[in-house]
Every structure is written in structure tokens, then in C-alpha cells.
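**Student:** I'd like to ask some things about the structure below.
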Amino acid sequence: ARLVLAVSHGAGGGIEARDLKALAAGLPAHGVTVALVEQPWRVAGRKLAPAPKTLDTGWRGIWPALAKPGLPVISGGRSAGARVACRTATELGAHAVLALSFPLHPPGRPEKSRADELLGTGVPTLVVQGGNDPFGRPGEFPEGTYELVEVDHGDHGFAVPKRADLTQEEAVTMITDAVVRWTGTLG
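Residue 37 is where the sequence shown starts when you use the working numbering, and the numbers rise one by one after that.
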């Protein structure tokens with residue numbers, strides 16, 4: 037392997053999310069080891085995610101097990117996990133950040149922007165966002181040095197409606213292909 041992708045889930049689910057499973061299955065063939073990280077609150081059987089500061093502490097706790105000399109680590113997450121990856125990237129020495137379904141703002145509350153977390157990673161960042169994500173559609177994202185890939189018609193979980201011009205399987209492939217391409221550009 038040439039890279040490690042450590043990726044965590046969001047507040048509404050665990051590492052069984054379809055996009056996380058697809059990355060874990062598809063990236064190793066491209067030299068990227070994937071570590072799916074279940075946050076401590078989920079391991080403890082809790083139903084609700086704790087405050088962001090507590091999520092960050094949990095992420096910091098797993099980092100030493102992942103960071104090996106000479107093997108760069110991409111800090112990744114979906115939704116709340118993406119926020120954690122962004123907030124802690126510089127401090128932990130992440131090589132890059134992968135943000136899946138970044139929750140730019142609470143649904144219907146664009147004035148409560150979390151753009152500063154995304155803009156402050158300090159490392160190469162890829163955002164993969166559903167075109168119909170109520171937590172922030174691609175067009176709502178501010179200018180920045182990150183790369184953004186849109187999954188057409190995708191919601192916050194990248195589910196696409198049956199009437200969409202792509203299937204659910206194609207949407208998941210779009211995510212995996214974007215991440216494979218992006219990781220290929222990382223040193």
C-alpha cells in the first residue's frame with residue numbers, strides 16, 4: 037500500500053454505510069488501505085453522537101494506530117465524520133482529507149455555515165457531495181482550494197431516486213471512481 041484512508045461514519049449511522057463499504061472494497065486494488073473507523077460512541081452502543089469536541093477526541097485516539105512512518109494517512113469521514121476529519125487534519129498531520137456528504141449547514145439553515153471547517157484543512161481535500169443533499173448542495177459551497185465532485189441526484193446518504201438518470205449502483209461507482217482518481221494524484 038502507498039496510502040492509508042482512515043474513514044469514519046456520520047451521526048446517523050455506522051461504518052456499514054454503502055459508500056464506506058464500497059471504498060473499503062474498491063481502493064485496496066489501487067494501493068490504498070482502508071480503515072473503517074467506528075466512533076467510540078457507536079461501539080459503546082449509544083444512539084446519539086456526542087458534541088463535536090468529543091468526536092474529535094475519539095478521532096485523535098485512533099490516529100496513533102494508523103499513522104506509520106512512511107505511509108501517509110488520508111483523514112476521511114462522511115457527514116459528521118467529515119467535519120471531524122477537516123477540523124483535526126492539520127493537528128494530526130493528515131496527508132489529505134476526504135469529505136463525503138460534508139454537512140455545510142443544517143437542513144434549511146444555510147446561515148449556519150460550517151464552511152470554515154472545510155476551508156481550514158490545510159491539506160489537499162476532496163468533497164463528494166450529493167446533488168440534492170439538504171445539508172448543502174454542491175452549488176452552495178464557497179470557493180476554495182478543495183476539489184468537489186457531485187453525485188447527481190444524491191441525497192445526504194447518496195441515495196438516488198428511482199426516476200434519476202443513474203442507478204444506485206452507478207452513483208456508488210461514481211463515488212469510488214472519484215476517490216480512486218483523486219488518491220492517484222496524491223504524492
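Glycine included, each C-beta is placed from N, C-alpha and C at the ideal position.
If I measure Cβ to Cβ from Asp169 and keep anything under 8 Å in the same chain, skipping five residues before and after, which residues do I get?
**Tutor:** Ser137, Gly190, Asp191, His192
**Student:** Considering Cα atoms alone, identify which of Gly106, Thr93, Val40, Pro108 is closest to Arg119.
**Tutor:** Looking at the Cα atoms, Thr93 is the closest of the given residues.
**Student:** Could you say if the region 206-220 and the region 159-173 meet the contact criterion of at least three C-beta pairs nearer than 8 Å?
**Tutor:** yes
**Student:** Between the Cα of Trp95 and those of Pro64, Glu127, Lys104, Arg150, spot the shortest distance and give me the residue it belongs to.
**Tutor:** Glu127
**Student:** Residues in its own chain within less than 8 Å of Pro197 by CB, not counting five upstream and five downstream?
**Tutor:** His189
**Student:** Do you know offhand how far Thr181's Cα is from Ala207's?
**Tutor:** 25 Å
**Student:** Report the CB separation of Ala132 from Leu72 in whole angstroms; it is logged as a contact under 8 Å.
**Tutor:** Between Ala132 and Leu72 a beta carbon distance of about 17 Å is seen, past the 8 Å cut, so the two are scored as non-contacting.
**Student:** Kindly indicate which three-state DSSP category Arg38 falls into: helix, strand or coil?
**Tutor:** coil
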